[in-house]
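> This is the structure I want to talk about, given as C-alpha cells.
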Amino acid sequence: MFKPILTTVFLLFTTLLFAQSYTISGRITDSKTGEDLTGATVLIPKTTYGVSTNSYGFYSLTLLKGTYKVQFKYVGYEGIEKNITLDKNTTINVELTETSKDIDEITINAKAEESKVENKQINVIKLDMQTVKRIPVVFGEVDVLKTVTMLPGIISAGEGNSGFSVRGGTQDQNLILLDEATVYNVSHLLGFFSVFNGDAIRDLDVYKGGIPPQYGGRLSSLIDIRMKEGNNKKFAGTGGIGLLSSRLTLEGPIVKNKASFIISGRRSYADVFLPLAPQEEAKNSKLYFYDFNAKINYRLSDKDKLFISGYFGRDKFEFSNLFGNSWGNKTATIRWNHLFNKKLFSNQTLIYSDFDYYFKINISDANSLEFTQGITDVSYKSDFAWFYNPNNKFNFGGAITHHTFNPGEIRPIGDGSILTAPIILEKRKALESALYTEHEHKFNARFKVRYGLRYSIFNNLGSANEYKFAYDSIGSAPIVEDTFSYKKNSIFNTYSGLEPRASASYNLSKNDAIKASYNRTFQYLQQAGNTSFALPTDQWIPANINIKPQISDQIALGFFKNFDLGLETSVEVYYKWMKNQIDFRDNAVLFLNNQVYGELLTGKGWSYGSEFFIKKTKGNLKGFISYTISKSMRQIMGINHYNPYPTNTDRRHNLTATANYEITKKWDASLNFIFATGNPITYPQGRWEYDGKLITLWAPRNAQRFPSYHRMDVGVNYYPTMRKKGKVESSWNFSVYNVYGRKNPYVINTGERMVKGTDGTQVKTGIPITEQIALFRWIPSVTWNFKF
Amino acid sequence: MTNQIFKNLIVSFLAIVALSSCRDEVILNLNNVGAIPVIESNISNDSIPFMVRVTTTADYYSLTIPEVTDAMVTILGSNGSKDTLYHDTAGYYYSKNINPCKVGVAYTLNVSYKGKTYSATETCLPQNPIDSLKAVYMPKRGFFPAGYYLYEWTREKPGKGDCYLWNLYQNDTLLTEDFYYLADDQFLEENGQYLSTDFQFPFRLNDSIALEQMAISRQYYNFLTAIQTQTSRDGSPFSAPPSNISGNISNGGIGYFAVRNIIRKKLVAK
Numbered sequence: 001m002f003k004p005i006l007t008t009v010f011l012l013f014t015t016l017l018f019a020q021s022y023t024i025s026g027r028i029t030d031s032k033t034g035e036d037l038t039g040a041t042v043l044i045p046k047t048t049y050g051v052s053t054n055s056y057g058f059y060s061l062t063l064l065k066g067t068y069k070v071q072f073k074y075v076g077y078e079g080i081e082k083n084i085t086l087d088k089n090t091t092i093n094v095e096l097t098e099t100s101k102d103i104d105e106i107t108i109n110a111k112a113e114e115s116k117v118e119n120k121q122i123n124v125i126k127l128d129m130q131t132v133k134r135i136p137v138v139f140g141e142v143d144v145l146k147t148v149t150m151l152p153g154i155i156s157a158g159e160g161n162s163g164f165s166v167r168g169g170t171q172d173q174n175l176i177l178l179d180e181a182t183v184y185n186v187s188h189l190l191g192f193f194s195v196f197n198g199d200a201i202r203d204l205d206v207y208k209g210g211i212p213p214q215y216g217g218r219l220s221s222l223i224d225i226r227m228k229e230g231n232n233k234k235f236a237g238t239g240g241i242g243l244l245s246s247r248l249t250l251e252g253p254i255v256k257n258k259a260s261f262i263i264s265g266r267r268s269y270a271d272v273f274l275p276l277a278p279q280e281e282a283k284n285s286k287l288y289f290y291d292f293n294a295k296i297n298y299r300l301s302d303k304d305k306l307f308i309s310g311y312f313g314r315d316k317f318e319f320s321n322l323f324g325n326s327w328g329n330k331t332a333t334i335r336w337n338h339l340f341n342k343k344l345f346s347n348q349t350l351i352y353s354d355f356d357y358y359f360k361i362n363i364s365d366a367n368s369l370e371f372t373q374g375i376t377d378v379s380y381k382s383d384f385a386w387f388y389n390p391n392n393k394f395n396f397g398g399a400i401t402h403h404t405f406n407p408g409e410i411r412p413i414g415d416g417s418i419l420t421a422p423i424i425l426e427k428r429k430a431l432e433s434a435l436y437t438e439h440e441h442k443f444n445a446r447f448k449v450r451y452g453l454r455y456s457i458f459n460n461l462g463s464a465n466e467y468k469f470a471y472d473s474i475g476s477a478p479i480v481e482d483t484f485s486y487k488k489n490s491i492f493n494t495y496s497g498l499e500p501r502a503s504a505s506y507n508l509s510k511n512d513a514i515k516a517s518y519n520r521t522f523q524y525l526q527q528a529g530n531t532s533f534a535l536p537t538d539q540w541i542p543a544n545i546n547i548k549p550q551i552s553d554q555i556a557l558g559f560f561k562n563f564d565l566g567l568e569t570s571v572e573v574y575y576k577w578m579k580n581q582i583d584f585r586d587n588a589v590l591f592l593n594n595q596v597y598g599e600l601l602t603g604k605g606w607s608y609g610s611e612f613f614i615k616k617t618k619g620n621l622k623g624f625i626s627y628t629i630s631k632s633m634r635q636i637m638g639i640n641h642y643n644p645y646p647t648n649t650d651r652r653h654n655l656t657a658t659a660n661y662e663i664t665k666k667w668d669a670s671l672n673f674i675f676a677t678g679n680p681i682t683y684p685q686g687r688w689e690y691d692g693k694l695i696t697l698w699a700p701r702n703a704q705r706f707p708s709y710h711r712m713d714v715g716v717n718y719y720p721t722m723r724k725k726g727k728v729e730s731s732w733n734f735s736v737y738n739v740y741g742r743k744n745p746y747v748i749n750t751g752e753r754m755v756k757g758t759d760g761t762q763v764k765t766g767i768p769i770t771e772q773i774a775l776f777r778w779i780p781s782v783t784w785n786f787k788f
Numbered sequence: 001m002t003n004q005i006f007k008n009l010i011v012s013f014l015a016i017v018a019l020s021s022c023r024d025e026v027i028l029n030l031n032n033v034g035a036i037p038v039i040e041s042n043i044s045n046d047s048i049p050f051m052v053r054v055t056t057t058a059d060y061y062s063l064t065i066p067e068v069t070d071a072m073v074t075i076l077g078s079n080g081s082k083d084t085l086y087h088d089t090a091g092y093y094y095s096k097n098i099n100p101c102k103v104g105v106a107y108t109l110n111v112s113y114k115g116k117t118y119s120a121t122e123t124c125l126p127q128n129p130i131d132s133l134k135a136v137y138m139p140k141r142g143f144f145p146a147g148y149y150l151y152e153w154t155r156e157k158p159g160k161g162d163c164y165l166w167n168l169y170q171n172d173t174l175l176t177e178d179f180y181y182l183a184d185d186q187f188l189e190e191n192g193q194y195l196s197t198d199f200q201f202p203f204r205l206n207d208s209i210a211l212e213q214m215a216i217s218r219q220y221y222n223f224l225t226a227i228q229t230q231t232s233r234d235g236s237p238f239s240a241p242p243s244n245i246s247g248n249i250s251n252g253g254i255g256y257f258a259v260r261n262i263i264r265k266k267l268v269a270k
C-alpha cells in the first residue's frame with residue numbers, strides 16, 4: 001500500500017527539484033462583506049494549472065519562473081484577470097464582487113468555473129444559501145437540511161422530521177459539522193425545523209461517499225456546514241419575521257478589514273397560540289425553541305487568522321408546570337489558520353460539543369423528579385495542506401476527541417419524592433483519535449486522482465462496569481452473566497482500523513468526465529433509538545466490549561456531462577457493504593437501562609442504487625431534478641428469523657424537482673415536487689387475545705409499504721425594493737406547502753375502534769381497525785425578510 | 001414511564017401544531033396467517049381450580065377469537081402432582097381437584113392439539129409481605145383529580161431480578177384491567193430497601209381498597225411489559241416498533257403459562 005505512494009512522491013520531487021519555481025498564494029474574499037470564498041478558482045488559461053481555494057479562502061499555486069495571465073473566478077461573482085511576472089514568491093489577495101441582479105448574466109465573462117465537469121467531485125454536492133433560500137418550505141422557514149433531502153441519493157426520514165438517510169444509511173450515520181463541531185441533534189420542535197439558521201450559514205458541502213480522510217467517525221455521509229464570518233467592511237443586518245419564528249442577524253467589522261463579528265438569533269413563537277387551545281393544561285404550557293450563532297474572526301497578520309465561533313440552541317416544552325422537557329446543543333470552535341510558508345497551510349482547531357436532554361416531572365410531592373442525559377465532546381484537530389506544485393497537493397494531520405456519555409441521571413426534587421436517592425447510570429468515557437494523509441495528484445489536464453488513508457483508534461476509558469450477557473435464545477431479553485469493573489482512566493478496550501479512501505477523475509472532453517471512488521469508513525458510536533424519529537431521548541452509546549465498530553465499504557462510479565444553456569447532468573451508481581449494523585431486539589428496553597448493550601443485535605447491511613441529476617444554472621428558469629433508484633437491506637440474527645429485511649430508509653424510487661422562475665426583476669416564483677416510494681412498514685397478519693387484550697400478530701419486518709408519498713409546494717418571492725445604497729432592502733415570501741392537499745400517510749395505526757362512552761370518555765369496542773394519519777395539507781406561510 | 005409521558009406530550013404537541021392533520025380509517029390488504037394456538041392460565045396459590053384457556057389467532061379484522069374446545073391439557077408439578085384439565089366452555093379448561101401452588105415447585109403445562117404438543121414450565125416464586133398500606137388524601141394535581149391515593153411499602157427480597165405485578169380493586173371492582181402495574185428491583189439497593197409504590201387511582205372516602213401483590217418470574221414480567229408496550233402503541237412515530245411478543249410456550253405457540261404467588265391486603269379510604 002505505502003510503496004506506490006512513496007514512489008510517486010519521490011518521482012515528483014525529482015522532476016520538480018531542478019526547475020526554479022515560485023509560489024503565488026493568498027486569499028480570495030467577497031468585496032462587499034470580506035467573507036472568505038470557498039472553492040473559488042485560480043487558473044492559468046491555456047494550461048492545466050489551476051487550484052481552488054480551501055474553506056478559508058486560501059489558495060497556493062506554484063509555477064515556474066515566468067509571466068502569466070492569472071484568472072480568479074467564483075460562481076455568481078465577476079471574475080478578475082491579472083498579469084503577473086513571477087520571479088519571487090508572491091502574495092495576491094483578491095476581492096471578487098457578487099454579480100448584481102441588474103446586470104444581464106450573459107455579459108459576465110466569468111463562466112461559472114464551478115460548473116465545469118472537471119471541477120465536479122463525485123459524491124459531493126455544494127449548496128450555497130442563495131439556492132437554499134429560494135426553495136419553498138413548510139411554514140416558510142429556510143432550512144438547509146430540508147434542501148439536502150432534495151438531492152439525489154438522500155432521502156428525508158419523513159414529514160416533520162429533520163433526519164435524513166444518505167445512500168441507505170441510518171440517521172446516526174451522518175456526520176453533521178457546524179464549523180468543525182459535531183452537532184448531535186439537528187432537530188428543533190422535534191424535527192419540524194433543523195437547528196441551522198439560514199442567515200448564519202455561509203455554505204455547506206454534502207459528501208455521500210468519497211469522504212476525505214480528514215473526516216471520519218460516521219459511515220454514510222459528511223455534511224460540512226460553515227458559518228458566515230461577518231462583514232469586515234461595514235455594519236449590516238438581515239432578518240425576517242415569519243409565522244412561526246423570527247430571526248435577526250447583525251454583522252460588522254471590529255477592526256476594519258481585519259476583524260469582524262456576526263451574531264444571529266432566532267426564536268419561535270408557536271406557544272403564542274397555546275392560550276387558544278381548548279384544554280386548560282395547554283394554556284399554561286410552553287413550547288418554543290431559540291438558537292444563537294456567533295462568530296468572530298481576526299486577521300492577526302498575513303500569515304495568521306483566528307476564528308472563534310459558537311452555537312447555542314434550546315427547545316423548551318413544558319406542560320402545565322407538571323412536566324418539563326428541554327434539550328439542545330452547544331458547540332464552540334476556536335481555530336487558528338497559520339501559513340508556515342507560501343505552500344504550507346495549517347489549521348489548528350479546538351472544539352467543544354455538547355448535547356443534553358432534560359426532563360422534569362412535578363405532579364405531586366411524591367412524584368417529583370428530574371432526569372438528564374447527554375453527550376459531551378472535547379476535540380483537538382491539527383490539519384495541514386501542502387501545496388507542493390500545481391499538480392500535487394498533500395493533506396495530512398490528526399484529531400483526538402474525548403467523549404463523555406451520560407446515559408441518564410434521575411434526581412428527586414424536594415424532600416417528599418418517592419425517590420429517596422438519585423439514580424445515576426454510569427457515565428461512559430472514550431477517546432477517538434485519528435491520523436490521516438492524502439495526496440491529490442493531477443497527472444495531466446484529463447486525469448486526476450486523490451487518495452489517502454485514515455487510521456482511526458477508539459479507546460474505552462474507565463471507570464466502568466461492563467457486562468457479559470447470556471440469552472435464552474437469540475433476540476430474547478438479556479441476562480447478565482458476568483460483570484467486569486475497570487479503574488478510572490484505564491483503557492480497557494481498544495478498536496482501530498485503516499480507512500483507505502480514493503477517487504479518480506478522467507475528462508473525456510471539455511464537457512464529459514467519468515469519476516470513480518472507493519472509501520472505507522468506521523463508526524464507533526451510535527444512537528440507541530428504535531423509533532423512526534430521532535428523539536432527543538435517544539441516547540448516544542459508544543462501541544465497547546459488546547458492540548464492535550460499524551464498518552462500511554463503498555464504491556461509486558459517475559458520469560458527468562454538461563450541455564450548453566447551462567445544463568449540467570450526472571449519473572452516479574454506488575454499492576455499499578456495511579458490517580456490524582445495529583438493531584434492537586424485539587421489545588427492547590432502551591430507556592434508563594444500565595445494560596442497554598444487552599438489547600442490541602448486530603448484523604450486516606447493504607445498499608445500492610443509481611442517482612440521476614439535472615441542474616439548470618442559467619436563464620430565468622433555474623432549478624434541478626434528481627431521481628434515485630435504490631435498495632437498502634439488513635440481515636440480523638435474532639430479527640425476522642435472520643431473513644434480510646428492508647431498512648426503514650429503503651425507498652425504491654425518489655424523485656425531487658425544484659424550480660425557480662424569475663418573472664420580472666421584482667417577482668419570482670418557485671415550485672417543488674417530490675415523489676417517493678412509500679416507507680417500509682410492518683403490517684398485521686392476524687390478532688390474538690390475552691387477558692382480554694387485543695394483540696396484533698405482525699407480519700415479517702418491513703415487508704409492506706406505505707402508499708407512495710408525493711407533494712407539490714409553490715412559492716412566490718417579491719422584492720419591492722432593489723438594493724440601493726443606505727436603504728433597507730426587503731422581500732416577501734409567500735408559499736403553500738402541499739398545494740394539492742395530498743393525504744400522505746404520516747403513520748398507520750392499528751388498534752381498536754373507540755366510541756364515546758356514557759361518561760364522555762373514549763371507550764374501546766374490541767373491533768380491530770387500521771387508520772392513517774396525514775400531517776400537513778395546504779400549509780400556507782408568509783415571511784417578511786429584510787437586509788440593511 | 002417518563003418515555004410514555006414524553007410520548008403523550010409529543011402527541012398533544014402534534015395535535016396543536018398540525019392543525020391540518022387528518023385521521024382516516026383505512027382497510028389494508030393483509031396477508032393473514034392460519035390459526036396458531038394461544039394459551040393463557042390462572043394458576044396460583046389461591047384455593048381455586050387451575051384454569052387454562054386455549055384459543056387461536058384470528059384474521060386481523062375478524063371480530064371473534066376462535067376457541068379450542070378439543071385440546072388435551074395437563075399440568076405436572078415437580079413435586080409429583082398431576083392434574084388433567086377438562087374443557088368447560090369457550091376454550092376454558094379447569095382442574096377437577098384444588099391443589100394451590102407451592103413455593104419452589106415447578107409446574108409444567110402440556111397442551112396437545114391437532115397432533116402437536118405445546119408446553120411450558122414455570123416455578124411458583126416466594127413472596128414478601130406487604131409491610132404497610134396507606135390511603136392519603138391529595139388535592140387536584142394536573143391530570144389527577146382530588147381523592148385518596150394508595151401507597152404501599154414492601155421490604156424487597158435480597159438479590160436482583162425479583163419482579164412484581166399488582167392488581168387494585170375499588171369496592172371489589174378491578175381497576176387495573178387495562179394497565180399492568182409492574183415493577184422490578186433494578187434500581188433498588190441490596191437488602192432491606194423498601195419497594196414503595198404509589199397507585200395513581202383516586203379513591204373516594206370510605207371506599208374499600210384491595211391490593212393483590214403477585215410475585216412473578218422475570219420472563220413473565222418481560223412478557224407483560226411487552227404486552228403493555230404493544231397495546232399502548234398509538235402508531236405515532238414515537239411508539240415502539242411493532243414486535244411480536246414471545247412467551248414461554250414451546251413449539252410455536254403464543255401466550256404465557258404463568259404461575260402467580262399472590263398476597264392481599266385491604267384498607268378503607270379515610
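Respectively, the protein sequence lines represent chains R and L. The numbering used here applies: residue 1 is where the first sequence begins, and numbers increase by one. The numbering used here applies: residue 1 is where the second sequence begins, and numbers increase by one. Idealized CB from N, CA, C, for every residue including glycine.
Going along the chain, which unbroken runs of the beta strand (DSSP E) with 3 or more residues stay wholly within the stretch 75-105 of chain R?
Counting only runs of 3 or more, we get 80-86, 94-98.
> Considering only the beta carbon of each residue, do Lys46 (chain R) and Thr97 (chain R) sit closer than 8 Å?
As a first step, residue 46 (chain R) is located in the first sequence; it is residue number 46 there, counting from the start. As a first step, residue 97 (chain R) is located in the first sequence; it is residue number 97 there, counting from the start. Contact: no.
> According to the neighbour-count rule (16 or more other Cβ atoms, all chains shown, within 10 Å of its Cβ), is Thr69 (chain L) buried or exposed?
Counting from one through the second sequence, the residue named residue 69 (chain L) turns up at place 69. Classification of Thr69 (chain L): exposed, given that the 10 Å Cβ count is below 16.
> Helix or strand or just coil, what does DSSP make of Thr494 (chain R)?
Position 494 of the first sequence, counting from 1, holds the residue named residue 494 (chain R). In this structure, Thr494 (chain R) counts as strand in the three-state DSSP scheme.
> Which of the residues in the stretch 680-705 of chain R, read from start to end, lie with their CB under 9 Å from any CB of chain C?
Absent from the structure: chain C. Protein chains present are R and L.
> Rounded to whole angstroms, what's the CA-CA distance from Leu248 (chain R) to Ile773 (chain R)? Just pull it up for me.
As a working mapping, residue 248 (chain R) is identified with position 248 in the first sequence. As a working mapping, residue 773 (chain R) is identified with position 773 in the first sequence. In a straight line, the C-alpha of Leu248 (chain R) is about 36 Å away from that of Ile773 (chain R).
> Which whole-angstrom value describes the C-beta separation of Tyr118 (chain L) and Asn251 (chain L), a residue pair presumed to lie in contact below a C-beta threshold of 8 Å?
Translated into the one-based positions of the second sequence, residue 118 (chain L) becomes position 118. Translated into the one-based positions of the second sequence, residue 251 (chain L) becomes position 251. Indeed they touch by this definition, with Cβ atoms about 5 Å apart.
> One question on the structure: do Arg411 (chain R) and Tyr436 (chain R) come within less than 8 Å of each other, judged by their Cβ atoms?
Position 411 of the first sequence, counting from 1, holds the residue named residue 411 (chain R). Position 436 of the first sequence, counting from 1, holds the residue named residue 436 (chain R). Going by C-beta atoms, Arg411 (chain R) is not nearer than 8 Å to Tyr436 (chain R).
> Which of the three DSSP states, helix, strand or coil, is assigned to Asn109 (chain R)?
Locating residue 109 (chain R) in the first sequence gives position 109, counting from the first residue. Low local confidence applies: a pLDDT of 33 at Asn109 (chain R) is under 50, so the model's placement there is unreliable, with the coordinate-based value given in what follows. Three-state result, Asn109 (chain R): coil.
> Quick one: any contact between the stretch 678-688 of chain R and the stretch 54-66 of chain L, if contact means 3 or more CB pairs under 8 Å?
Touching, yes, given that three or more Cβ pairs across the two stretches are closer than 8 Å.
> Would you verify that the beta carbon of Ile5 (chain L) is, or is not, closer than 8 Å to some beta carbon of chain R?
In the second sequence, residue 5 (chain L) corresponds to position 5, counting from 1. Model confidence at Ile5 (chain L) stands at a pLDDT of 47, short of 50, so the residue's coordinates are unreliable; what they give is reported in the following sentence. Yes, Ile5 (chain L) lies at the interface with chain R (some Cβ there is under 8 Å from its Cβ).
> Reducing DSSP to helix, strand and coil, say where Asp70 (chain L) ends up.
Working through the second sequence from its first residue, we reach residue 70 (chain L) at position 70. Of the three classes helix, strand and coil, the one that applies to Asp70 (chain L) here is coil, per DSSP.
> Which residues, taken in chain order from the stretch 20-34 of chain L, show a beta carbon closer than 8 Å to some beta carbon of chain R?
Cβ contacts with chain R: Ser20, Ser21, Cys22, Arg23, Asp24, Glu25, Val26, Ile27, Leu28, Leu30, Asn31, Asn32, Val33.
> Between Ala90 (chain L) and chain R, is there a C-beta pair that is closer than 8 Å?
The count along the second sequence starts at 1 and reaches residue 90 (chain L) at position 90. So, not an interface residue.
> Consult DSSP for Glu114 (chain R) and reduce its assignment to one of helix, strand or coil.
Numbered from its first residue, the first sequence carries residue 114 (chain R) at position 114. With a pLDDT of only 48 at Glu114 (chain R), under the threshold of 50, the placement of this residue in the model should not be trusted, and no figure is reported.
> In this structure, how does DSSP classify Asn185 (chain R) when only helix, strand and coil are distinguished?
Along the first sequence, read from residue 1 onward, the residue named residue 185 (chain R) stands at position 185. The answer is coil: DSSP assigns Asn185 (chain R) none of H, G, I, E or B.
> Who are the Cβ neighbours of Asn744 (chain R) in its own chain at under 6 Å, not counting the five residues just before and after it?
In the first sequence, the residue the question calls residue 744 (chain R) occupies position 744. Result list for Asn744 (chain R): Tyr709, Ala774, in chain order.
> For Thr225 (chain L), does the three-state DSSP call read helix, strand or coil?
Within the second sequence, numbered from 1, the residue matching residue 225 (chain L) stands at position 225. Thr225 (chain L): helix per DSSP, three-state reduction.
> Please classify Ser379 (chain R) as buried or exposed, where buried requires at least 16 other C-beta atoms within 10 Å of its C-beta.
For the purposes of this step, residue 379 (chain R) is taken as the residue at position 379 of the first sequence. By the 10 Å Cβ count, Ser379 (chain R) comes out buried.
> Does the CB of Gln170 (chain L) have a neighbour CB from chain R at under 8 Å?
Looking up residue 170 (chain L) in the second sequence gives position 170. Not an interface residue.
> What does Ala226 (chain L) reach in chain R if we use C-beta pairs closer than 8 Å?
Against the second sequence, residue 226 (chain L) aligns to sequence position 226. Those are Asp586, Asn587, listed as they occur along chain R.
> Along the stretch 472-506 of chain R, what residues have a CB closer than 9 Å to any CB found in chain L?
Listed in sequence order: Asp472, Ser473, Gly475, Ser476, Ala477, Ile479, Val480.
> Between the stretch 567-583 of chain R and the stretch 397-404 of chain R, do at least 3 Cβ pairs fall closer than 8 Å?
The stretch 567-583 of chain R vs the stretch 397-404 of chain R: no contact.
> Quick one: residues in its chain with C-beta nearer than 6 Å to the C-beta of Ala385 (chain R), no 5 flanking neighbours on either side, listed in chain order?
Start at 1 with the first residue of the first sequence, and residue 385 (chain R) comes out as number 385. Counting only Cβ-Cβ distances below 6 Å, and skipping sequence neighbours, we find Phe345, Asn395.
> Between the stretch 119-132 of chain L and the stretch 242-262 of chain L, are three or more C-beta pairs nearer than 8 Å?
Short answer: they touch.
> Whole-angstrom Cβ separation of Asn362 (chain R) and Ile413 (chain R), contact assumed at under 8 Å?
Counting from 1 along the first sequence, the entry for residue 362 (chain R) is found at position 362. Counting from 1 along the first sequence, the entry for residue 413 (chain R) is found at position 413. Correct: roughly 6 Å between the Cβ atoms.
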